[in-house]
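Protein chains in written order, with the numbering used here: chain A, 758 to 1102; chain B, 758 to 1102; chain C, 758 to 1102; chain D, 758 to 1102. In this text, a Cβ means the ideal position worked out from N, Cα and C, and glycines have one as well. Here the structure is laid out as structure tokens; the discussion comes afterwards.
There are 4 protein chains.
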Amino acid sequence: MHKVAVIGASGYTGVELLRLLAGHPQVTVICVTSRQQAGQALGEVFPSLAGIYDLTFEAVEPAALAERAELVFLAVPHQAAMGMVPELLAAGCRVIDLSADYRLRDAAVYAEWYEPHETPELLTEAVYGLPELYREQVRGTRLVANPGCYPTSVALALTPLLRNQLIDPATIIVDSKSGTSGAGRAAKVDTLYCEVNEGFKAYGLPRHRHTPEIEQTLSDVAGRPVTISFTPHLVPVNRGILSTCYASLTGVSSLPELLNIYRQAYAGEPFVRILPEGRLPNVSQVRGSNFCDIGLAVDPRTRRVIVVAAIDNLVKGAAGQALQNMNLMLGLKESEGLRGAALFP
Amino acid sequence: MHKVAVIGASGYTGVELLRLLAGHPQVTVICVTSRQQAGQALGEVFPSLAGIYDLTFEAVEPAALAERAELVFLAVPHQAAMGMVPELLAAGCRVIDLSADYRLRDAAVYAEWYEPHETPELLTEAVYGLPELYREQVRGTRLVANPGCYPTSVALALTPLLRNQLIDPATIIVDSKSGTSGAGRAAKVDTLYCEVNEGFKAYGLPRHRHTPEIEQTLSDVAGRPVTISFTPHLVPVNRGILSTCYASLTGVSSLPELLNIYRQAYAGEPFVRILPEGRLPNVSQVRGSNFCDIGLAVDPRTRRVIVVAAIDNLVKGAAGQALQNMNLMLGLKESEGLRGAALFP
Amino acid sequence: MHKVAVIGASGYTGVELLRLLAGHPQVTVICVTSRQQAGQALGEVFPSLAGIYDLTFEAVEPAALAERAELVFLAVPHQAAMGMVPELLAAGCRVIDLSADYRLRDAAVYAEWYEPHETPELLTEAVYGLPELYREQVRGTRLVANPGCYPTSVALALTPLLRNQLIDPATIIVDSKSGTSGAGRAAKVDTLYCEVNEGFKAYGLPRHRHTPEIEQTLSDVAGRPVTISFTPHLVPVNRGILSTCYASLTGVSSLPELLNIYRQAYAGEPFVRILPEGRLPNVSQVRGSNFCDIGLAVDPRTRRVIVVAAIDNLVKGAAGQALQNMNLMLGLKESEGLRGAALFP
Amino acid sequence: MHKVAVIGASGYTGVELLRLLAGHPQVTVICVTSRQQAGQALGEVFPSLAGIYDLTFEAVEPAALAERAELVFLAVPHQAAMGMVPELLAAGCRVIDLSADYRLRDAAVYAEWYEPHETPELLTEAVYGLPELYREQVRGTRLVANPGCYPTSVALALTPLLRNQLIDPATIIVDSKSGTSGAGRAAKVDTLYCEVNEGFKAYGLPRHRHTPEIEQTLSDVAGRPVTISFTPHLVPVNRGILSTCYASLTGVSSLPELLNIYRQAYAGEPFVRILPEGRLPNVSQVRGSNFCDIGLAVDPRTRRVIVVAAIDNLVKGAAGQALQNMNLMLGLKESEGLRGAALFP
């Protein structure tokens, strides 16, 4: 059994990681940490995990943790992660960081959208943990930057089009919608039940921090710099991201042709499902699962293609993808512990 | 007191019309009809209206109704409306048709997106009931085609930009999201609670029937043919439409300049609110009210403007707008019976 | 026009009071106060009220307020209210206190369930503002203790049975369910969207603070001390209270007989609707309205009666009832500004 | 691998059974049937199962099915089940019937609450599949009547009290609340999204069909006839049942004593969690899992005990319990395929 630990396990990403890890046959969670909850039983803080784990939140230093765990998941806010990663690596731990701290390769870009980076030398070492694009690099690395939820959905939605130069990158518009768990578990008026329920809004315009992360990946697959418009929205559901992506076709691709290209691009991928012609994805069909469902439409009137991708923001958009990366890093079957079907309804 | 009737009052638009009409001091509802509910008390079918109306659903013929009512609201499905309108007009009634039957001026376009039209001669007589654009025509007509919910939000969102030639019409992309009441009250698996709740999806791609209606109005204000991409989505809320509209700026307009143009364009309008810089609308803030809230953002990286408009699909998107048109047609104060604040939370 | 003010207008009860007062033809809100929001425009804090009010939150002292307003609504937490009421009364204001501070007549009971009372001498002067039971006293008083949401629903549900000695008071069990707005607008993890949505729980057992308030009213109408079991639950809706009340029948009353007694007991009441036999209330049918809907069932197998009452916790359970009391105090028509139908769907 | 089939797999219970069976290492689903969906791929009808099953809905006769499957799950409406069970048993299949047809042992009681029974001779053979009470009988039987969702929650909530004669059975009142998936997947106006969302109601009073099933089990454990009051309510969540049970204590049991009795009663049970003192269950903490969470409170003022039990109606209340029964019947580990933690949030 591989021993792993979760630092910052008291948020929604933390509890989801622990739910998934509980079902993994070759991994044991030996420690969960949380400054705020230290000393409390895990099952008391998260009653859904009572009877499943017999752990108590600890307030351990990263270095001490490294002696007990082979691999550590960091589920702390950005800026906090970069304060722990060097120490964990130095102590011999492999790290999957679920924050934004190591996702951008360019320290200047990080500084522009976040703050100045404290450990820029690690940015080039870190591997962006989107297995469908960077599988081999993930296997060998000691530091995975686990992708953001929005960027995961958009990268998977647009990669086949960009790789095959089927769209004009300058025309890409991404209209994304996220469930509320993406806003975290901190007490804020804005995410109170009565503020979110029966509501719907756009936010973060025009500079949401996931924009440079999306552009970095799209530029990678396009082979040249890509700049996009990205608008996130808040949906009154617990889980789910739906990204509706628009772009102008460069040629006269038909919908069946495009669907074929997508099916080939993702052939063999365990977690990407291309929907049949005429079908579009619904976040309710991926809830709790690691799938990314992708549907396409072509509008002959405007010569645009519309790609819609759905994921569970806490699974393929965070904890599930982290497990997928862990499986690759530990040499396990990539889908181990991640084959559960979505919870519908 | 003006006497009005509602034909097809057993759907969500019907019950909302009756809620609003109950608060109007100069109008009395003398008859509600429904083939299915005929004979049942209104308060039994809609307990929310018990103690407010003392009416029973009737199964009256349009002509007979015309003798009792000065103005009739038609809240029946498209195709059904065109079977009643000629008779009502012939009997001397004025008609506000909430279906799609008289919204498109061109019978060929109607035939392309719906079915062949049975009374194409009335298409040019009908006035498209968007008071902010066609106020004077509404006052004098005997037949108002009440706009669709999506088209109302998009027309109000984009008119100032198109009128002032600030955007390239060929770049317009409209990503709209609607509450579930827009799907009607017919029993269907797709709109069952468990199918919609905790879900989110796009639908109707790439040819939703509201597209030509939107394009007709945008072409009017632009002064030339406009073709757009339009993607509707279904949101798990009862009420509300949020339309996120994208377009490339033709010049270097700043956000403050654009906001000023919007404030001037809608100065004096009782039901359009332009939000301050940095604020974006939320459907929860217009729920149950006749307001259209509009917020703007400019993305200097892509030179695109993003306009977000929020309405209640059953009020400004249907029943409220119908009352607004009724007030104009009857020579009453335009906002009479429509000044209620949104129900928040 | 009567001039009124709202102290503590930045919570859900405050915004609902302002929504209702905006539709009242004989009353003007001259001031809204909030320590936290002082200086901010009302329409900025509550976008639903933009374009309806032209007020800015002030940080006024109660005494200063008394010079400007004839009547003041106190929408502050309990304990805070008792610090303001004496000063307001002394300055000549009439007060409707929406907190719990003046609801219990007995200072010892208040001390047992809350804290020691600072102004016990006012407890006997204050009138419990449930118009259906204490209408005449409300008219003449200068201090109304506006009832709690749960207590309003239970008092209206059980009064006809207790007045007519049809049930054994010792057998009363009240199982109540409340929408989440009842928990207020303070930022807390427990009322975050993701904690409440798709959840359902009982809370506050076995000593919720509304228990003595319920018992005080039931004892009044029964003419002898009544002790009940009361269990509140949290429902994932914004608004609404449904109280399911159980009691053993003392005789062999039939359902039609009981319904007749209820219809007579509430004959002429503008805001109580007794549902027909076989119908039970739904909070969705009173949302946004001041109605209390009551339905009954009799179980011949157990000789118990089940009374189900539904209100909107923010309207008949708070702000609407406060307006009803205001109308009585100011000698206006009791239903003025309160005749709006529920918002359904 | 044991081969099983699911008859009537196109409802919510069916899709949940298939979700759970997909994660069971020793069982294969060889056939799913549905008259309406025959010929359609499973993943087309239920996109959540795409990529997980490679099955197509068939329209097989029960007898033909028996040749292919060792055990059959019947997820058809009551009355339909009794038309298939005899044939399946005769063909040598073991059957887990998720309908109500074989739950009541007394044909006269079935006739009183449902219709006359067609195969009353099987009623005594069928085993009521609540493993916590009837584990040994389940192991040996060829016909399990899988319990209803409400009855499961109530039986587990009240058994320790009744077995130990700690309450007066005549005082039991059960106030239950159910998520909307319990109403099934048939298209009905009453369960449309807009009818259920933001609503809350009691229904089925005073004679819900689960009443005799609850009473049969409680009478079993009490050792004498028990008659209860049972009120079901509809909650706007997809999944979950919360039963709040009231009864008068016969003695002076303290809360810690009662909690000890519960912990002992359910010691070793894999799916019953007794919550610590001061904690009450929330359906959100069992969503998607087979757990039943139980919390207690004692009200010294009224000498009543309040027991609150939470389950997922589709799991412990239907499909999960069916798997638990299957495991017992097939001699597998009882918790196999059922150890997943709840999906929170």
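For a contact meaning CB atoms closer than 7 angstroms, what does TYR769/D contact in chain B? CYS951
Whose Cβ in chain G lies nearer than 9 angstroms to the Cβ of ASN954/A? Protein chains in the displayed structure are A, B, C and D, and chain G is not among them.
Contact with chain A by PHE1101/D, beta-carbon distance below 8 angstroms: yes
Output, in sequence order along the chain, the residues in the stretch 795-812 of chain C whose CB is closer than 8 angstroms to any CB in chain B. GLU801, PHE803, PRO804, SER805, LEU806, ALA807, GLY808, ILE809
Anything in the stretch 1011-1036 of chain D with a Cβ closer than 7 angstroms to a Cβ of chain A? List those residues in chain order, please. ARG1030
What is the DSSP secondary structure of ASN1084/D, reduced to helix, strand or coil? helix
Report back the beta-carbon spacing between ARG1044/D and GLU955/C to the nearest angstrom; my notes put them in contact at under 8 angstroms. 7 angstroms
Cutting at 6 angstroms between CB atoms, please list the residues of its own chain near ILE930/D, excluding the five before and the five after it. SER986, TYR1003
For LEU991/B, does the three-state DSSP call read helix, strand or coil? strand
Give me the Cα-Cα distance between LYS945/D and PHE803/C, rounded to the nearest whole angstrom. 37 angstroms
Beta-carbon contacts of ALA838/B that lie in its chain and below 7 angstroms, excluding the five residues immediately before and after: LEU831, ASP854, SER856, ASP858
Segment contact flag, the stretch 1018-1036 of chain A with the stretch 760-771 of chain B, C-beta cutoff 8 angstroms, min 3 pairs: no
Using C-beta distances below 7 angstroms, list every residue in its chain close to ILE1031/B, excluding the 5 sequence neighbours before and after it, in chain order. LEU1016, TYR1019, ARG1020, TYR1023, ILE1051
Assign GLU1091/C to one of three DSSP states: helix, strand, or coil. coil
In chain D, which residues lie with their C-beta within 8 angstroms of the C-beta of GLY1045/A? GLY1045, LEU1100
Opening and closing residue of the alpha helix (DSSP H) in which ASP854/B lies: Looking at the DSSP string, ASP854/B is not in any alpha helix (DSSP H); the run it does join, the beta strand (DSSP E), is 851-854.
Any C-beta of chain A within less than 7 angstroms: which residues of the stretch 954-976 of chain B qualify? GLU955, GLY956, PHE957, LYS958, ALA959, TYR960, LEU962, PRO963
Applying a beta-carbon distance threshold of less than 7 angstroms, which residues of chain C neighbour GLN1042/B? PRO804, SER805
Scan the stretch 760-821 of chain C and note each continuous beta strand (DSSP E) run of 3 residues or more that stays entirely inside, going in chain order. 784-790
So, TYR960/D versus LEU991/D, is the Cβ gap smaller than 8 angstroms? yes
Determine the chain B residues that contact VAL772/C at a beta-carbon separation under 7 angstroms, and present them in chain order. PHE1101
So what does PHE1048/A bridge to, in DSSP terms? PHE1048/A pairs with nothing; no bridge assigned.
Let's see if you can read the secondary structure: which residues bound the beta strand (DSSP E) around ALA1066/C? 1061-1068
Round the Cβ separation of SER1000/A and SER910/A to the nearest angstrom and send it over; I've been treating them as touching at under 8 angstroms. 4 angstroms
Going along the chain, which unbroken runs of the alpha helix (DSSP H) with 4 or more residues stay wholly within the stretch 898-965 of chain B? 906-920, 950-953
Does the CB of ASN1070/A have a neighbour CB from chain B at under 8 angstroms? no
Under three-state DSSP, which class holds VAL1009/C? coil
How many angstroms separate the CA atom of ASP932/B from the CA atom of LEU913/A? 20 angstroms
Run of the alpha helix (DSSP H) containing ILE971/D, from where it starts to where it stops: 967-979
Whole angstroms is fine: what's the gap from THR916/B's alpha carbon to THR984/B's? 14 angstroms
Go through the stretch 849-898 of chain D residue by residue and report every complete run of the alpha helix (DSSP H) that reaches 4 residues or more, in order. 864-870, 888-897
Taking only three categories from DSSP, how would you classify ALA1022/C? helix
ALA779/A versus chain D: which residues are under 7 angstroms apart at the beta carbon? ALA1098
For LEU846/C, the three-state DSSP class (helix, strand or coil): helix
Could you check where the beta strand (DSSP E) with PHE1028/B kicks off and where it finishes? Per DSSP, PHE1028/B belongs to no beta strand (DSSP E) and is neither H nor E.
Would you please verify whether the beta carbon of LEU918/B is less than 8 angstroms from any beta carbon of chain A? no
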